[in-house]
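For reference, the structure discussed in these notes is given below.
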Amino acid sequence: MSENKITILHADLSLPDHQEATLYLLNAYAMDPMGDGKPLSDAARAAVIPGLREHPTTLVFLAYRGEAPVGLAICFRGFSTFAARPLVNISDYFVFPEQRGLGIGRQLLGAIEQHAHKLGCCRVTLEVQENNHHARRVYGAAGFSQAVHVPEAGGALYLSKEL
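If you're matching positions, the sequence shown starts at 1 in UniProt numbering and goes up one per residue.
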């Protein structure tokens with residue numbers, strides 16, 4: 001691979017290289033202020049790859065610049081009951097800060113969208129922190145907007161409850 005060539009791969013988590021790249025990038029994302037602000041715990045590091053491999057709807061996309069892993073998207077297939085079709089949710093999305101602005105994030109989103117079309121999906125969904133202005137610009141440029149199902153009701157909100 002050329003040193004600057006950007007390649008997006010649909011990861012095969014049975015391959016040690018893809019496992020290693022996924023864990024490396026996910027840990028970098030965890031340490032990012034837009035992630036968790038701290039490294040993955042030892043327990044999470046030990047369990048995440050087996051957990052992703054066992055989960056029946058996992059989709060992982062890796063971005064490489066030359067030989068170096070520089071971006072990651074971990075997604076899961078879901079199902080839209082109103083559309084009666086599958087969807088893809090982007091759960092984790094990360095590009096190293098020093099690699100941003102090179103089109104890597106846009107290419108990751110394009111690969112996800114292309115794969116979602118192949119699966120017959122009705123949409124791609126994601127959550128983003130309100131203050132993550134860079135990611136919001138990338139998502140907006142790719143056609144993402146706040147979900148609005150009934151205009152009179154306003155936009156959808158993402159809620160969470162820790163268990």
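Ideal Cβ positions, reconstructed from N, Cα and C, are used throughout, including at glycine.
Annotation: the continuous alpha helix (DSSP H) that includes residue 140 extends over 133 to 141. For residue 158, the CB contacts under 7 angstroms within the same chain, skipping 5 residues up- and downstream, are 127 in chain order. Of the residues assessed, residue 65 falls on the buried side of the cut-off, its CB having 16 or more other CB atoms within 10 angstroms. Looking from the CA of residue 14, the closest CA among 59, 122, 8 belongs to 59. Residue 84 and residue 148 have their C-alpha atoms some 18 angstroms from each other.
Counting along the chain, residue 22 sits inside the alpha helix (DSSP H) bounded by residues 16 to 31. With respect to the 7 angstroms criterion, residue 28 and residue 36 are not classified as neighbours on the basis of their beta carbons. Under the three-state reduction of DSSP output, residue 149 falls in the coil class, being neither helix nor strand. In this structure, DSSP gives residue 36 a state outside helix and strand, which the three-state scheme calls coil.
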